[in-house]
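J.: Pasting in a structure now, in structure tokens, and then I'll have a few things to ask.
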Amino acid sequence: MSVDRAQKIPWTIYFQPKFLTILALGFSGGVPLALTASTLFVWMREAGVDLTTIGIFAALGTPYTIKFLWSPLVDHLPLPVLGKLFGRRRSWLLFSQGLLIAAIIALGFSSPDINPGMAALMAFGVAFFSATQDIVIDAFRIEKLEPNEQAAGAASYVYGYRIGMLASGAGALYLASSYSWSVTYIAMAGLILVGSVATLLSKEPEASEVAAKNGRPKNVVAWLQKAVIDPFGDFLTRKGWLAILLFITLFKLGDALVGTMTNPFLIDLGFSKIEIANVAKVFGFGATLGGLALGGILLAKVSLFRALLISFGVQIISTAMFVIQAYVGHNIELLAVTIAAENLASGMGTAVFIAYLSILCNIRYTATQYALFSSLFAISRTLLSTGSGALAELYGWPSFFIITMAAAVPGLILLFMLRKYDAREGTRKIFS
560 MSVDRAQKIP WTIYFQPKFL TILALGFSGG VPLALTASTL FVWMREAGVD
610 LTTIGIFAAL GTPYTIKFLW SPLVDHLPLP VLGKLFGRRR SWLLFSQGLL
660 IAAIIALGFS SPDINPGMAA LMAFGVAFFS ATQDIVIDAF RIEKLEPNEQ
710 AAGAASYVYG YRIGMLASGA GALYLASSYS WSVTYIAMAG LILVGSVATL
760 LSKEPEASEV AAKNGRPKNV VAWLQKAVID PFGDFLTRKG WLAILLFITL
810 FKLGDALVGT MTNPFLIDLG FSKIEIANVA KVFGFGATLG GLALGGILLA
860 KVSLFRALLI SFGVQIISTA MFVIQAYVGH NIELLAVTIA AENLASGMGT
910 AVFIAYLSIL CNIRYTATQY ALFSSLFAIS RTLLSTGSGA LAELYGWPSF
960 FIITMAAAVP GLILLFMLRK YDAREGTRKI FS
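Counting in our numbering, the sequence shown runs from 560 upward without gaps.
Structure (structure tokens):
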């Protein structure tokens with residue numbers, strides 16, 4: 560069966576324990592992102608921090624981008640005590656979640672307007688431990704599911720992730736409207752426990768147990784060969800590997816530039832935290848769920864190439880709504896339309912692209928290779944979007960959003976280039 564067509568599965572599969580576990584872990588993975596990005600940017604903009612500095616803060620998400628550097632450790636290094644008690648994957652999940660909770664609380668007690676350096680350090684810590692958790696969640700998800708369950712697993716993960724982002728986005732803004740930012744961040748740290756409970760209630764993936772029983776290399780050179788050289792070497796043997804890496808990096812560049820500046824943009828237009836929470840977060844969440852559903856439908860009805868192509872087009876068109884919003888200004892009805900278009904496009908693109916990344920992985924190196932792909936995917940959200948604030952200050956909001964539309968073109972060109980390559984030479988075709 561071609562991977563261009565999704566296998567039909569009953570909707571009841573999403574209520575099976577392993578899919579509910581993935582949903583909960585997705586929630587735990589989604590909570591930290593807004594706390595170091597959109598929610599933090601509202602805090603900073605209200606405190607009077609300039610757009611250029613806010614844009615630079617996007618670089619604090621760098622751990623998401625370079626997590627492939629330590630993913631081999633997470634993939635192969637057992638934790639002394641927790642590893643024996645819970646197994647390789649679950650022990651790393653609990654370890655990273657504990658440190659993540661502490662880092663979020665510390666960030667809540669920082670003052671980004673008075674001491675931005677300390678706030679940046681704490682935010683970096685949150686991103687680092689969150690990225691580590693993501694490494695394990697991705698490996699856990701792929702190893703826990705059969706090949707024909709990967710698409711449904713990706714959907715469960717994304718839904719959980721988006722719910723987590725809603726909690727730390729809208730939920731945090733609601734709390735911050737009545738309580739201090741410190742109290743808000745403490746509450747957000749407590750939400751990570753959802754993933755911890757799911758980890759404790761789940762079983763270690765059989766694939767992980769088998770890999771552990773196969774024996775570990777008895778020297779450093781052999782370990783590096785197995786953990787680092789083999790996974791990356793496997794990918795570099797594929798046709799068009801450089802084009803694949805560039806495509807992963809640039810696929811959502813325009814969307815990332817918009818996402819970094821959305822909340823500062825809305826604050827500048829005079830929208831309150833409650834209005835942003837109600838429309839940009841809660842209403843937008845519904846649009847995102849619709850986008851995820853459309854992404855799943857696309858994968859079932861058309862080839863992966865066509866699904867990616869359609870996602871590209873919708874994302875570019877949706878950004879045009881921000882240009883209109885910039886000219887109109889504070890208009891809650893128009894904001895609802897703008898957010899609906901943007902989140903619908905974003906959800907669709909995310910669902911399709913996660914399926915693409917999952918298919919790229921060789922099952923023998925799930926954690927390392929998926930971490931590499933998702934890290935490159937995060938570059939547009941972190942390093943490449945650091946100049947978004949400076950662009951907005953230099954050219955103004957309308958021109959800024961026009962620039963973000965043009966930023967999607969290179970990825971579109973790469974998509975057509977990739978159509979002629981096999982994603983995994985000698986196995987199955989991604990594009991046809």
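Glycine included, C-beta positions come from ideal geometry on N, C-alpha and C.
Bear in mind that the values here come from a model prediction, so they are computed numbers and not experimental data.
Measuring CB to CB, does A618 end up less than 8 Å from A596?
T.: Along the sequence shown, one-based indexing puts residue 618 at 59. Along the sequence shown, one-based indexing puts residue 596 at 37. Result no, Cβ atoms of A618 and A596 do not sit closer than 8 Å.
J.: Please list, in chain order, all residues of the same chain as L973 whose beta carbon is under 7 Å from its beta carbon, the five residues on each side excluded.
T.: Numbered from 1 along the sequence shown, position 414 holds the residue referred to as residue 973. A802, L805, F806, L809, listed in sequence order.
J.: Using a threshold of 8 Å, state whether the C-beta atoms of A686 and G585 are closer than that.
T.: The residue given as residue 686 occupies position 127 in the sequence shown. The residue given as residue 585 occupies position 26 in the sequence shown. No, the pair does not count as a contact, with Cβ atoms beyond the cut-off.
J.: So what's W629 in DSSP terms, helix, strand or just coil?
T.: Numbered from its first residue, the sequence shown carries residue 629 at position 70. Here W629 sits in coil by DSSP.
J.: Tell me which residues share the same chain as V753 and place their Cβ nearer than 6 Å to its Cβ, disregarding the 5 neighbours each side in the sequence.
T.: In the sequence shown, counting from the first residue as 1, residue 753 sits at position 194. Once the five neighbours on either side are set aside, the close Cβ partners of V753 are A583, F586, S587.
J.: Leaving out the 5 sequence neighbours to the left and right, which residues in its chain are closer than 6 Å to M560 when beta-carbon positions are compared?
T.: Numbered from its first residue, the sequence shown carries residue 560 at position 1. Caution applies to M560, whose pLDDT of 37 falls short of 50 and renders its modelled position unreliable; the model cannot decide the point.
J.: Report the three-state DSSP secondary structure of F654 (helix, strand or coil).
T.: Along the sequence shown, read from residue 1 onward, the residue named residue 654 stands at position 95. In this structure, F654 counts as helix in the three-state DSSP scheme.
J.: My output table needs one value for E892: the three-state DSSP class, helix, strand or coil.
T.: Counting from 1 along the sequence shown, the entry for residue 892 is found at position 333. If DSSP states are grouped into helix, strand and coil, E892 belongs with the helices.
J.: Roughly how many angstroms lie between the CA atoms of K647 and S934, to the nearest whole one?
T.: Along the sequence shown, one-based indexing puts residue 647 at 88. Along the sequence shown, one-based indexing puts residue 934 at 375. It is worth fixing the name first, because residue 647 is Arg in this sequence and not Lys. Whole-angstrom Cα-Cα distance: 22 Å.
J.: Going along the chain, which residues of its own chain have a beta-carbon closer than 7 Å to the beta-carbon of L971, five neighbours each way excluded?
T.: Your numbering for residue 971 matches position 412 in the sequence shown. The residues are F871.
J.: Under the three-state reduction of DSSP, which class applies to T986: helix, strand or coil?
T.: Residue numbering aside, residue 986 sits at position 427 when the sequence shown is read from its first letter. Note that T986 scores 42 on pLDDT, short of 50, meaning its location in the model is unreliable; the coordinates nonetheless yield the value given after this. Coil, per DSSP.
J.: Cutting at 8 Å between CB atoms, please list the residues of its own chain near L644, excluding the five before and the five after it.
T.: The residue you call residue 644 lines up with position 85 of the sequence shown. Cβ within range, chain order: S650.
J.: Quick test of the definition: if touching needs 3 or more C-beta pairs under 8 Å, does the stretch 690-707 touch the stretch 667-679?
T.: Too few Cβ pairs lie closer than 8 Å, so no.
J.: To the nearest angstrom, how far is it from the Cα of V640 to the Cα of I663?
T.: Here the question's residue 640 lines up with position 81 in the sequence shown. Here the question's residue 663 lines up with position 104 in the sequence shown. Using only the alpha carbons, I get a separation of about 25 Å.
J.: Where does G607 land, buried or exposed, given buried means 16+ other C-beta within 10 angstroms?
T.: Within the sequence shown, residue 607 is the residue found at index 48, counting from 1. Exposed, because fewer than 16 other Cβ atoms sit within 10 Å of the Cβ of G607.
J.: With a Cβ-Cβ cutoff of 8 Å, do A879 and V838 count as a contact?
T.: Position 320 of the sequence shown holds residue 879. Position 279 of the sequence shown holds residue 838. Contact flag unset, no.
J.: Do you know whose CA, among L610, I913, F932, G712, lies nearest W570's CA?
T.: Reading the sequence shown from its first residue, position 11 is the one you call residue 570. Of the listed residues, the one whose Cα sits closest to W570 is G712.
J.: Note down, in chain order, each residue of its chain lying with its Cβ closer than 6 Å to the Cβ of A682, except the 5 sequence neighbours on either side.
T.: The residue you call residue 682 lines up with position 123 of the sequence shown. Hits under 6 Å: T595, L619, L666.
J.: Our contact map puts E834 next to I891 with C-beta atoms below 8 Å; I'd like the distance itself, whole angstroms only.
T.: Mapped onto the sequence shown, residue 834 falls at position 275. Mapped onto the sequence shown, residue 891 falls at position 332. With 8 Å as the limit, E834 and I891 qualify as a contact, their Cβ atoms being about 6 Å apart.
J.: With a threshold of 8 Å, are at least 3 pairs of Cβ atoms found where one atom belongs to the stretch 926-945 and the other to the stretch 627-642?
T.: Judged by Cβ distances under 8 Å, the stretch 926-945 makes contact with the stretch 627-642, as three or more pairs qualify.
J.: State the DSSP-derived secondary structure class of G730, mapped to helix, strand or coil.
T.: Start at 1 with the first residue of the sequence shown, and residue 730 comes out as number 171. Helix, per DSSP.
J.: Look at the alpha carbon of A966 and the alpha carbon of I938, and state the distance between them as a whole number of angstroms.
T.: Here residue 966 refers to the residue found at position 407 when the sequence shown is read from its first residue. Here residue 938 refers to the residue found at position 379 when the sequence shown is read from its first residue. Those two C-alpha atoms are separated by around 14 Å.
J.: In three-state terms, what does DSSP make of G799?
T.: Position 240 of the sequence shown, counted from the start, is the residue given in the question as residue 799. G799 falls in the coil class under three-state DSSP.
J.: With distances taken from CA atoms, which of T611, F578, I581, A859 is nearest G955?
T.: For the purposes of this step, residue 955 is taken as the residue at position 396 of the sequence shown. The shortest Cα separation from G955 among T611, F578, I581, A859 belongs to T611.
J.: So what does DSSP say about D563, is it helix, strand or coil?
T.: Along the sequence shown, read from residue 1 onward, the residue named residue 563 stands at position 4. Per-residue confidence for D563 stands at a pLDDT of 44, beneath the threshold of 50, marking its modelled position as unreliable; no derived number is given.
J.: Go ahead and label K811 buried or exposed: buried means 16 or more other beta carbons lie within 10 angstroms of its beta carbon, across all protein chains shown.
T.: Indexing the sequence shown from 1 puts residue 811 at position 252. Result: buried.
J.: According to the neighbour-count rule (16 or more other Cβ atoms, all chains shown, within 10 Å of its Cβ), is S736 buried or exposed?
T.: As a first step, residue 736 is located in the sequence shown; it is residue number 177 there, counting from the start. That one is exposed.
J.: Taking G843 as the reference, give the member of N902, G888, I826 with the closest Cα.
T.: Taking the first residue of the sequence shown as position 1, residue 843 is located at position 284. Checking every option, the nearest Cα to that of G843 belongs to N902.
J.: Could you compute how far the alpha carbon of Y744 sits from the alpha carbon of A731?
T.: Within the sequence shown, numbered from 1, the residue matching residue 744 stands at position 185. Within the sequence shown, numbered from 1, the residue matching residue 731 stands at position 172. Y744 and A731: Cα-Cα distance of roughly 8 Å.
J.: Below 8 Å between beta carbons: does that hold for M907 and G845?
T.: Counted from its first residue, the sequence shown places residue 907 at position 348. Counted from its first residue, the sequence shown places residue 845 at position 286. The answer is no: Cβ separation not under 8 Å.
J.: Express the C-alpha separation of T941 and A726 in angstroms, rounding to a whole number.
T.: As a first step, residue 726 must be located in the sequence shown, where it is residue number 167. As a first step, residue 941 must be located in the sequence shown, where it is residue number 382. Roughly 21 Å between the two C-alpha positions.
J.: When the Cα atoms are used, what is the spatial distance from L848 to L592?
T.: Along the sequence shown, one-based indexing puts residue 848 at 289. Along the sequence shown, one-based indexing puts residue 592 at 33. Computed Cα separation, rounded: 18 Å.
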